[in-house]
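Residue numbers (the numbering used here): 3 to 235.
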């Protein structure tokens, strides 16, 4: 791969994979927790929480990035406290790009896991409870294994979405080569550069291949897990 791409392109590709990987690490526990809360609990403000989680799906990505800048920038409401207390800054670095990916991909993760959770027969959980199993044990031994197909789908969709994230990233952490310039941002730079059509096309093809591979892998893994769960049930 490195032989086919310039150092500039290869750097953008590796940064995209890094940002997407760390975004997924955060999305898995957050997405599962929020999906379980929405699928299993009734509480005041549930519809508001559900709407806030899915808001990035309907908001322009630039708006999401701007809101992140206001909230998590060094002078932002939360970002200023994080920087002063822990020296942690999200602006103009890859951590901010990963955070932007978490926000825009969270609805996909939550929706996939929630749909899977709602298909789990609650009678199995109730039976385990009557046999003395704790809520935590029920979750990890019954609920979570039966939700794996949805988790896999959510992970793959979120990974593909993170690879393609552009608007929120560029408005939150800018377009800095080697630091925040992922594949979409590098493509944007090439498109604006006269005579760089071939470089933009190479990154376009790479993006399509990775996204398609993620979707195919998601479908294959989900079917395999569903068959194994069906065989063991």
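Beta carbons are placed, not taken as given, at the ideal position from N, Cα and C, and that holds for glycine.
Between the alpha carbons of residue i and residue j, how many angstroms are there, rounded?
{"i": "residue 223", "j": "residue 174", "result": "34 Å"}
{"i": "residue 202", "j": "residue 213", "result": "16 Å"}
{"i": "residue 191", "j": "residue 37", "result": "37 Å"}
{"i": "residue 9", "j": "residue 196", "result": "19 Å"}
{"i": "residue 48", "j": "residue 193", "result": "43 Å"}
{"i": "residue 239", "j": "residue 179", "result": "Past the boundaries of the shown model lies residue 239; the chain is included only from 3 to 235, so the question cannot be answered."}
{"i": "residue 45", "j": "residue 35", "result": "15 Å"}
{"i": "residue 154", "j": "residue 115", "result": "9 Å"}
Would you decide whether residue i is buried or exposed? Buried here means 16 or more other CB atoms lie within 10 Å of its CB.
{"i": "residue 207", "result": "exposed"}
{"i": "residue 129", "result": "exposed"}
{"i": "residue 142", "result": "exposed"}
{"i": "residue 87", "result": "exposed"}
{"i": "residue 200", "result": "exposed"}
Less than 7 Å separating the beta-carbons of residue i and residue j?
{"i": "residue 102", "j": "residue 184", "result": "no"}
{"i": "residue 14", "j": "residue 188", "result": "yes"}
{"i": "residue 157", "j": "residue 26", "result": "yes"}
{"i": "residue 137", "j": "residue 58", "result": "no"}
{"i": "residue 167", "j": "residue 104", "result": "no"}
{"i": "residue 72", "j": "residue 78", "result": "yes"}
Check whether the Cβ of residue i lies closer than 6 Å to any heavy atom of the ligand NAD, and answer yes or no.
{"i": "residue 192", "result": "With respect to the ligand NAD, the structure offers nothing, as it holds no ligand at all."}
* To do: Taking only runs that begin and end inside the stretch 52-94, name each unbroken alpha helix (DSSP H) of 4 or more residues, in chain order.
  => Every alpha helix (DSSP H) of 4 residues or more that sits fully in the stretch 52-94 is shown, in chain order, as 63-74, 81-88.
* **Inside the stretch 176-219 only - alpha helix (DSSP H) runs reaching at least 4 residues** => Here the runs fully enclosed are 185-194.
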